[in-house]
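Colleague: Supplied in structure tokens, the structure appears directly below.
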Amino acid sequence: MRDSCIEYSVLNGPNRVTMVRNVTISGGAALAATLRECGVDHFFYVSGGMGPTFYKELEKGMNMVLCRNEMAACCMADGYSRITKKPSVCYSQHGAAAAVLASMLYEAMFSHSPVVALTGSVPTSRKDQWYYQESYEMPYFESTCKFNVDVTDLNRLAEYVRTAIQIAVSGCPGPTHVNIHTDMADAVAEMPEIYGDKTFFEAPAFRPRAEPERVAEAARLLSSAERPVMICGSGVHISAAYNEVRELAELLAIPVVTNYKGKGCFPEQHPLYVGVMGTYGMEFANEIVRESDLVFFVATRAEPHMTEELTAPEPGASKIIHLDIDPVAIGRNYKADVALVGDARLTLRDLIAALRSMTAIPRRNEQRLRDIATAINQYQSVVAPMMDSDAIPIKPQRIMKEVSKVLRPGDIVVSDTGFMICWTARLLRLKGYGLNYIPSGGTLGCSFPLAIGVSFAASKEQRVVNLIGDGGIAYNLADLETARRYNDRHAPLVAIVNNNSSLAQVRPRLEDFGLKKAPWITHCDFGDVNYAKIAEVFHCFGVRVERPGDLADAIRRALDSGKPAVVDVVTDKREYAPLGIARQAKRESFPGIPTY
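Heads up: the sequence shown begins at 5 in my numbering, then just goes up one per residue.
Set out below in structure tokens:
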């Protein structure tokens with residue numbers, strides 16, 4: 005890179021001069037320099053396309069992680085960015101590879117993760133000639149990205165990459181995409197000086213505050229409510245508003261419910277903590293929300309899945325305060341009596357100050373708190389026998405008990421979707437609070453590479469536990485080798501597999517509950533696979549568990565092994581997780597599934 009000229013431009017009057025320096029630089033060097041200047045330090049990729057021409061540039065200060073497929077690269081970047089809140093990059097070449105990458109950005113979009121996707125398309129001079137693997141990639145990314153651009157002018161490459169990073173971390177964070185053509189990697193051009201702004205090194209880049217008059221109105225509603233409840237979502241994690249949520253809850257003695265994306269943002273041992281609500285949550289938590297006269301949505305979109313199909317609360321049955329940094333989230337599913345558009349941490353601070361300035365803080369509703377404590381105890385009495393079960397095959401509930409016992413403050417649990425997220429959201433007890441629970445957003449199997457990405461972001465003193473089913477772990481088994489190859493660069497990582505040899509979430513709809521033994525169901529059952537043996541083939545630690553009494557020791561050995569590890573737990577394929585209101589409404593169709 006060399007300076008080519010210096011241009012001067014006048015801004016805001018004749019006495020203020022800003023110097024703009026141009027540089028002559030190759031596309032590959034410009035890309036690498038832009039990423040470094042913008043604070044990006046991790047690059048997850050599958051080799052190919054234009055990649056080899058700029059690897060030497062990227063290696064200058066960049067942690068590069070070669071993955072086994074594009075799905076894994078995207079999920080690893082997502083996991084890394086969720087923990088650090090910093091932008092990270094995933095890369096694939098063009099064609100089908102780009103389509104796979106785009107589809108997996110759904111997870112980053114769901115989790116509001118600042119992932120920047122780069123793809124290398126065919127040379128601009130060869131477009132529309134049926135070039136090998138040519139495909140117009142841009143539509144793939146329209147539904148999964150906040151920003152989607154095809155760079156056709158090399159002079160603007162650094163500008164577009166910088167813009168994609170800034171958009172990824174701003175407002176409600178989310179993924180962005182930049183498509184670069186392969187002939188740009190070695191081409192040299194003159195372009196504006198490459199720079200980055202530290203403001204955009206992590207999310208949230210800016211912390212807007214809600215208007216004071218709206219904050220005051222929210223304070224009045226909260227102070228007059230008899231049965232208020234707070235529902236906390238993933239934005240509490242993004243904003244790191246943990247202390248503010250706790251201070252507000254304790255100030256007004258408000259029960260705190262989370263959706264599963266917000267799990268961990270409030271201490272689960274706290275007397276004001278109720279539990280996880282929603283379709284995958286606890287039935288009693290949904291009922292407590294329905295009985296409330298004021299619902300305070302804190303940094304959540306209040307989407308149907310998180311509110312049990314918009315029944316908790318029932319629309320119009322409660323007063324609603326909705327706080328979110330994204331104005332698009334306000335009023336979409338619930339009419340807000342008070343809309344607070346702003347950063348969760350700062351807006352909650354303003355709300356607490358407004359409440360403290362009032363002449364009298366409302367008294368605690370002691371009877372309601374006692375009723376909630378009774379409901380929690382009743383729930384625990386229902387699930388305790390399941391979690392203590394010594395049955396063989398092992399019950400998934402027993403796995404949750406043993407994992408809860410072994411967790412330490414600071415450990416991070418990454419949960420797969422489907423039944424696994426039902427078990428973890430309801431039954432897993434976290435130690436401490438903060439960003440210690442990472443759920444997948446509905447893409448089966450994504451949690452394993454997600455956990456690998458999390459392990460790159462975690463400190464060596466932390467431990468990452470991936471809870472996943474056999475249907476999920478099979479998607480990305482090859483990246484056991486990735487985890488092993490970079491073993492000295494990430495925190496201890498253990499995948500605990502709920503191995504019932506089935507895609508069991510489908511089974512209840514096909515099950516004959518009149519049979520004493522679970523029948524073979526062609527549409528969802530698999531042959532037995534020992535995933536512990538597969539882990540050993542990849543030079544990782546593997547152990548299979550068939551008796552519940554052996555679980556605790558197996559998990560501890562895996563965590564202490566010094567290698568990426570798989571604990572393969574043989575479980576009961578007929579143990580189905582409750583899924584809330586749909587199962588309650590059709591109980592005659594699912595007589596073998598309890599609701600709790």
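Heads up, the beta-carbon is just placed ideally off N, CA and C, and yes, glycines get one too. All values reported here derive from a predicted model rather than from experimental measurement.
Compute the beta-carbon to beta-carbon distance between M286 and Y383, rounded to the nearest angstrom, for a pair I have assumed lies under 8 Å.
Modeller: Residue 286 sits at position 282 when you count from the first residue of the sequence shown. Residue 383 sits at position 379 when you count from the first residue of the sequence shown. Contact holds; Cβ gap of about 6 Å.
Colleague: Using only CA atoms, which one of P179, A162 and P143 lies nearest to F151?
Modeller: Residue numbering aside, residue 151 sits at position 147 when the sequence shown is read from its first letter. Among P179, A162 and P143, the Cα nearest to that of F151 is on P179.
Colleague: Return the chain-ordered list of same chain residues with a C-beta closer than 6 Å to the C-beta of Y95, the five sequence neighbours on each side being excluded.
Modeller: Taking the first residue of the sequence shown as 1, we reach residue 95 at position 91. Same-chain partners within the cutoff: Y49 and L122.
Colleague: Taking all protein chains shown into account, decide if F423 is buried (16 or more other Cβ within 10 angstroms of its Cβ) or exposed.
Modeller: Counting from 1 along the sequence shown, the entry for residue 423 is found at position 419. Buried: at least 16 other Cβ atoms inside 10 Å.
Colleague: Please confirm whether T304 and N263 have their CB atoms less than 8 Å apart.
Modeller: Residue 304 sits at position 300 when you count from the first residue of the sequence shown. Residue 263 sits at position 259 when you count from the first residue of the sequence shown. Result yes, Cβ atoms of T304 and N263 sit closer than 8 Å.
Colleague: When the distance is taken between beta carbons, is N440 closer than 8 Å to F452?
Modeller: To locate residue 452, count along the sequence shown from 1; it is residue 448. To locate residue 440, count along the sequence shown from 1; it is residue 436. Cβ distance not < 8 Å, so F452 and N440 don't count as in contact.
Colleague: Going by CA-CA distance only, name the one from A340, K567 and D529 that's closest to F545.
Modeller: Along the sequence shown, one-based indexing puts residue 545 at 541. Closest option to F545, Cα to Cα, is K567.
Colleague: Quick check: G52 and T186, are their CB atoms within less than 8 Å of each other?
Modeller: Here the question's residue 52 lines up with position 48 in the sequence shown. Here the question's residue 186 lines up with position 182 in the sequence shown. No, these two residues do not count as a Cβ contact at 8 Å.
Colleague: What is the DSSP secondary structure of G239, counted as helix, strand or coil?
Modeller: Working through the sequence shown from its first residue, we reach residue 239 at position 235. The answer is helix: DSSP assigns G239 an H, G or I state.
Colleague: With distances taken from CA atoms, which of S228, H98 and N381 is nearest T363?
Modeller: Numbered from 1 along the sequence shown, position 359 holds the residue referred to as residue 363. Checking every option, the nearest Cα to that of T363 belongs to S228.
Colleague: Could you tell me whether the stretch 162 to 182 touches the stretch 197 to 205, where touching means 3 or more Cβ pairs closer than 8 Å?
Modeller: The answer is yes - the stretch 197 to 205 touches the stretch 162 to 182, with three or more Cβ pairs under 8 Å.
Colleague: Per DSSP, what kind of secondary structure is E540 in: helix, strand or coil?
Modeller: As a first step, residue 540 is located in the sequence shown; it is residue number 536 there, counting from the start. Residue state, collapsed to three classes: helix.
Colleague: Return yes when the Cβ of A462 is within less than 8 Å of the Cβ of I416, no when it is not.
Modeller: Taking the sequence shown and counting its residues from 1, one reaches residue 416 at position 412. Taking the sequence shown and counting its residues from 1, one reaches residue 462 at position 458. Yes.
Colleague: Of all the options P259, A536 and K323, which has the alpha carbon lying nearest to the alpha carbon of I380?
Modeller: As a first step, residue 380 must be located in the sequence shown, where it is residue number 376. Comparing Cα positions, the closest option is P259.
Colleague: With respect to 7 Å, is the separation between the Cβ of R578 and the closest non-hydrogen atom of the ligand FAD below this value?
Modeller: Inclusion of the ligand FAD in the displayed structure is not the case, the ligand content being empty and no account of it being possible.
Colleague: How big is the Cα-Cα spacing for D554 and A395?
Modeller: Looking up residue 554 in the sequence shown gives position 550. Looking up residue 395 in the sequence shown gives position 391. If I take the Cα positions, the gap works out to 12 Å.
Colleague: Hey, M68 and F47: beta-carbon distance below 8 Å or not?
Modeller: Here residue 68 refers to the residue found at position 64 when the sequence shown is read from its first residue. Here residue 47 refers to the residue found at position 43 when the sequence shown is read from its first residue. Taking 8 Å as the cut-off, the beta carbon of M68 is found closer than this to the beta carbon of F47.
Colleague: Straight-line CA distance for Q273 to A357?
Modeller: Taking the first residue of the sequence shown as 1, we reach residue 273 at position 269. Taking the first residue of the sequence shown as 1, we reach residue 357 at position 353. Each residue's alpha carbon lies about 26 Å from the other.
Colleague: What first and last residue would you give for the alpha helix (DSSP H) that runs through G546?
Modeller: Taking the sequence shown and counting its residues from 1, the one referred to as residue 546 is at position 542. No alpha helix (DSSP H) contains G546, which is instead part of the beta strand (DSSP E) from F545 to V549.
Colleague: Nearest to M310 by alpha carbon, out of D297, K267, I325 and S296?
Modeller: The residue you call residue 310 lines up with position 306 of the sequence shown. When only C-alpha atoms are compared, the closest one is K267.
Colleague: Kindly indicate which three-state DSSP category C94 falls into: helix, strand or coil?
Modeller: If you number the sequence shown from 1, residue 94 lands on position 90. In this structure, C94 counts as strand in the three-state DSSP scheme.
Colleague: Assuming V498 contacts A539 under a Cβ cut-off of 8 Å, what Cβ separation, rounded to an integer in Å, is found between them?
Modeller: Walking along the sequence shown from the start, residue 498 turns up at place 494. Walking along the sequence shown from the start, residue 539 turns up at place 535. That pair is no contact at about 10 Å.
Colleague: Quick check on the DSSP output: the beta strand (DSSP E) that includes N470 runs from which residue to which?
Modeller: Along the sequence shown, one-based indexing puts residue 470 at 466. That run of the beta strand (DSSP E) goes V468 to G473.
Colleague: Rounding to the nearest angstrom, what Cα-Cα distance links G414 and M80 in this structure?
Modeller: Position 410 of the sequence shown, counted from the start, is the residue given in the question as residue 414. Position 76 of the sequence shown, counted from the start, is the residue given in the question as residue 80. Near 20 Å, if we compare the C-alpha coordinates of M80 and G414.
Colleague: Taking only three categories from DSSP, how would you classify N337?
Modeller: Position 333 of the sequence shown, counting from 1, holds the residue named residue 337. It is coil, neither helix nor strand.
Colleague: I'd like to know whether the C-beta atoms of Y600 and D572 end up nearer to each other than 8 Å.
Modeller: What you label residue 600 is simply residue 596 of the sequence shown in a count that begins at 1. What you label residue 572 is simply residue 568 of the sequence shown in a count that begins at 1. One thing to note: Y600 has its Cβ no nearer than 8 Å to the Cβ of D572.
Colleague: Rounded to the nearest angstrom, what separates T28 and L158 at their Cα positions?
Modeller: By one-based count along the sequence shown, residue 28 stands at place 24. By one-based count along the sequence shown, residue 158 stands at place 154. Roughly 11 Å between the two C-alpha positions.
Colleague: Does the beta-carbon of T421 have 16 or more other beta-carbons within 10 angstroms, so that it is buried, or is it exposed?
Modeller: As a working note, residue 421 is residue 417 in the sequence shown. Looking at its Cβ environment, which holds 16 or more other Cβ atoms inside 10 Å, T421 is buried.
Colleague: Alpha carbon to alpha carbon, how far is Y144 from A106? Give it in angstroms, no decimals.
Modeller: As a working mapping, residue 106 is identified with position 102 in the sequence shown. As a working mapping, residue 144 is identified with position 140 in the sequence shown. Straight-line Cα distance between these residues: approximately 6 Å.
Colleague: The alpha helix (DSSP H) that contains P317, what's its start and end?
Modeller: In the sequence shown, counting from the first residue as 1, residue 317 sits at position 313. For P317, there is no enclosing alpha helix (DSSP H), as DSSP marks it with neither H nor E.
Colleague: Have a look at N183 and I235 and give me their C-alpha separation to the nearest angstrom.
Modeller: Locating residue 183 in the sequence shown gives position 179, counting from the first residue. Locating residue 235 in the sequence shown gives position 231, counting from the first residue. In a straight line, the C-alpha of N183 is about 39 Å away from that of I235.
Colleague: Taking Cβ positions, are D297 and E230 nearer each other than 8 Å?
Modeller: Against the sequence shown, residue 297 aligns to sequence position 293. Against the sequence shown, residue 230 aligns to sequence position 226. Yes, Cβ-Cβ distance for D297 and E230 is below 8 Å.
Colleague: For F204, does the three-state DSSP call read helix, strand or coil?
Modeller: Sequence index remark: in the sequence shown, residue 204 carries index 200 (1-based). F204: helix per DSSP, three-state reduction.
Colleague: So, at 7 Å on beta carbons, what are the nonlocal neighbours of D7 in its own chain, with the 5 sequence-adjacent residues on each side left out?
Modeller: By 1-based counting over the sequence shown, the position of residue 7 is 3. Low confidence applies to D7: its pLDDT is 46, below 50, so where it sits in the model is not reliable enough to give any reading.
Colleague: Please go through the stretch 20 to 68 and give each complete alpha helix (DSSP H) segment of 4 or more residues, from N-terminal end onward.
Modeller: 31 to 41 and 55 to 62
Colleague: Alpha carbon to alpha carbon, how far is P582 from A562? Give it in angstroms, no decimals.
Modeller: Start at 1 with the first residue of the sequence shown, and residue 562 comes out as number 558. Start at 1 with the first residue of the sequence shown, and residue 582 comes out as number 578. Roughly 30 Å separates the two Cα atoms.
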